[in-house]
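Below is one structure, written out as structure tokens, with a few remarks after it.
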Amino acid sequence: MIAILWEYSVPHEHVAEFERHYDSSGTWVVFFRRATAYHGTVLLRDAETPGRYMTLDHWDSLDAYQSFCAEHEAEYRRIDAMCASLTDSERRLGLFQVL
């Protein structure tokens, strides 16, 4: 299993909407749950830096994640575009092997 770690900077005025889209029952999770290779997302809010968030997406493999995103590219892009205005920045921090 792998985990993909993402970091987001979210302006104060978009925090509530960002959390709705990225939490464990949010838009992204509902979308990814269609894949049997998807095992969930953890949303983390930094306790010391306001507006800083991380997500940890769990998948069977990087190939499974990439294949799902390619197969559903139009919807992925639609959701990504909808959520882009909620953040000042989005950065993939790494791909990790779950031990």
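Heads up, the working numbering is the position in the sequence shown plus 7, with the first residue counted as 1.
A virtual CB, placed ideally from N, CA and C, is assigned to each residue, including glycine.
Proximal residues to residue i (C-beta, below 7 Å), its chain only, five neighbours per side dropped
i          : result
residue 4  : Lying before the first or after the last residue shown, residue 4 is absent from the chain, which here runs from 8 to 106.
residue 69 : 9, 102
For residue i: DSSP bridge partner residues
i          : result
residue 10 : 65, 103
residue 49 : 63
Residue of the options minimising C-alpha distance to residue i
i          : options        : result
residue 26 : 39, 43, 97, 52 : 52
residue 7  : 89, 93, 63     : Limits of the chain in this structure are 8 at one end and 106 at the other, which puts residue 7 out of reach.
residue 71 : 32, 40, 24     : 40
residue 38 : 85, 96, 91     : 85
residue 98 : 83, 61, 35, 74 : 61
Sequence-distant residues of its chain with Cβ nearer than 8 Å to residue i (five each side left out)
i          : result
residue 46 : 8, 65, 66, 67
residue 59 : 14, 15, 16, 17, 52, 53
residue 57 : 19
Residues near residue i in its chain [Cβ-Cβ closer than 6 Å; skip 5 each side]
i           : result
residue 105 : 8, 10
Assigned exposure category for residue i - 16 Cβ within 10 Å defines buried
i          : result
residue 48 : buried
residue 93 : buried
Do three or more CB pairs link the segment 74 to 82 to the segment 14 to 25 at distances below 8 Å?
Taking 8 Å as the limit for Cβ pairs, the verdict is that the segment 14 to 25 does not touch the segment 74 to 82.
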